[in-house]
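Residue numbers (the numbering used here): 890 to 1426.
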């Protein structure tokens, strides 16, 4: 990069439905963004929402060469638009978590000798032993999950080692399935990458290591020691450590961009590639989460990201190594009953109007006079229960509530469950805790007031349309200085601040403390009720 050229930084996101890129300048202003939509822009691969759902409805894959061709297309678009690649000082990226790519024997030699005259998808077409990569939507590995948990002494033991009990979408179980069903394919594979490390490998023209954070989503990494677990590797497939390669800190500089990109697109030979990570961890960076913060996405499903110092892995939720602070962790909790149940209760109790719904929250008291509700239209993930369960202040089950009470019971119950399960994983609310809310329901101030009251913390909103991409551009800047102990927060001081929306109602914390205890006890009661136990199986 010439000394006179202002430095730019790129963030890539190889997500489920599209490949996205963002460029930012030194002031962290977005100066370029673009995307390739897999279904629309690459129809020859025949995907729907970026994937192929197989006839068993459990197996879900994406074509590897579709991702490669998407990179060709987006780089050509950037070149045609006059994008100055020579300005780019560093970049990083994200990939959909858990997905895996299988490089065939001899692929590393092909990667090393790429001709800048040809597009990548032509050069790499013979490089993959598995042409359709298993992705995070796959749930075909129940047998392998049971086998892995048994091998290490049970689900809780596996969670203690790797941060999560065995999950169908997690990479170790996907590898175990490929080994058991197609051992010859496994033998022909010289390297197994995650989507994130696969994408970084394309830019390095050499195999990129898996990072600590995305590696935590495999059921294979010891999250405390940050090394592969021999017991877990052996339970999945023989010789697996060699095929996975090393793991590295999430802020490592992996090297300079490969000559292919210098010659074909005009990248600077000094442009650095910072470790790629998973899309969820990248979003944590994009939202500038700090110790004690919570990010909550209120969408079709509700998702919580937590910054944790001392994790306590449980059977629900996931603990990952933190993508921006190697001494910390992040936790991820997913609740399946999110906006759809809120919309159903709005339709049933507020004539389909969010204004009426908000009025009901305003005119009912904090704590709902001790009335508590559990609303699971579909089998919940956290906890594994189903059905609608209402309890009055005396803990007696009741068939219904008045409409306003029902609305508050739903919202209070959803947020109490989130706090209870976050604390189970080792999360602690601190005086400086901020809640960053995103997603559809984050536009409703009354819903956010209940969130603030239950967690006893101020709630902010933040624009996260491209948080994974933006997070990777921030991580690229941070990667260049991370070894000097500069934190990501120091690096992104100029980024837009979240907007304060609500603060806790005075006295709410004292009201909720006994209610949280009751809610946790009632949740256990529901979990072991005959209906939930039967349906959750």
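Virtual Cβ for every residue (Gly too), placed ideally from N, Cα, C.
- A residue is called buried when at least 16 other Cβ atoms come within 10 angstroms of its Cβ; residue 1038 meets this threshold and is buried.
- Cα atoms of residue 1400 and residue 1298: separation of roughly 15 Å, rounded to the nearest angstrom.
- Contact holds between the region 1287 to 1306 and the region 1256 to 1267, because three or more Cβ pairs, one in each stretch, are under 8 Å apart.
- Rounded to the nearest angstrom, the Cβ distance from residue 1324 to residue 1306 is 15 Å, too far for a contact under 8 Å.
- Of the other Cβ atoms in all chains shown, 16 or more fall within 10 Å of the Cβ of residue 909; this residue is therefore buried.
- Residue 1363 is positioned such that its CB atom lies closer than 7 Å to that of residue 1174.
- Within the DSSP secondary-structure output, residue 1264 pairs in a beta bridge with 1277.
- In the DSSP assignment, residue 898 falls within the beta strand (DSSP E) that extends over 897 to 903.
- Per the DSSP secondary-structure output, residue 1111 pairs in a beta bridge with 1116.
- DSSP links residue 934 through a beta bridge to no other residue.
- Contact between residue 950 and residue 1022 holds: CB atoms are separated by about 6 Å, below the 8 Å threshold.
- Shown here, residue 1354 sits in coil according to DSSP, grouped into three states, outside any helix or strand.
- The Cβ-Cβ distance between residue 1064 and residue 1120 does not fall below 7 Å.
- By the criterion of a C-beta distance shorter than 6 Å, residue 1124 is surrounded in its chain by 1037, 1040, once the five residues flanking it on both sides are discounted.
- Sorting 912, 1067, 1116, 1378 by C-alpha distance to the C-alpha of residue 976 places 912 at the top.
- Between the alpha carbons of residue 1135 and residue 1098 lies a gap of roughly 6 Å.
- The C-beta distance from residue 1348 to residue 1326 rounds to 6 Å, short enough to fall under 8 Å.
- DSSP, read as helix, strand or coil, puts residue 1031 in helix.
- The C-alpha of residue 1230 lies about 11 Å from the C-alpha of residue 1276.
- For the pair residue 1379 and residue 1370, the Cα-to-Cα distance works out to about 10 Å.
- For the set 1199, 1157, 1304, 1012, the Cα lying nearest the Cα of residue 1256 is the one of 1304.
- Here DSSP, grouped into helix, strand and coil, assigns residue 1060 to helix.
- The beta carbons of residue 1316 and residue 1249 sit about 30 Å from each other, so the pair does not count as a contact at 8 Å.
- By the CB criterion at 7 Å, residue 1163 and residue 1368 fall inside the cutoff.
- Shown here for residue 1411: same chain residues with a beta carbon closer than 8 Å to its own, the five before and five after excluded, namely 1261, 1263, 1278, 1280, 1284 in chain order.
- The residues 1344, 1345, 1346, in chain order, have a CB closer than 7 Å to that of residue 1318 in the same chain once the five nearest residues on each side in sequence are set aside.
- The C-alpha of residue 1357 lies about 43 Å from the C-alpha of residue 1288.
- Membership of residue 1219 in the beta strand (DSSP E) is indicated by the continuous run 1218 to 1224.
- The beta carbon of residue 1192 is closer than 6 Å to those of 1186, 1223 in its chain, skipping five residues each way along the sequence.
- Here the alpha carbon of residue 944 sits roughly 38 Å from the alpha carbon of residue 1201.
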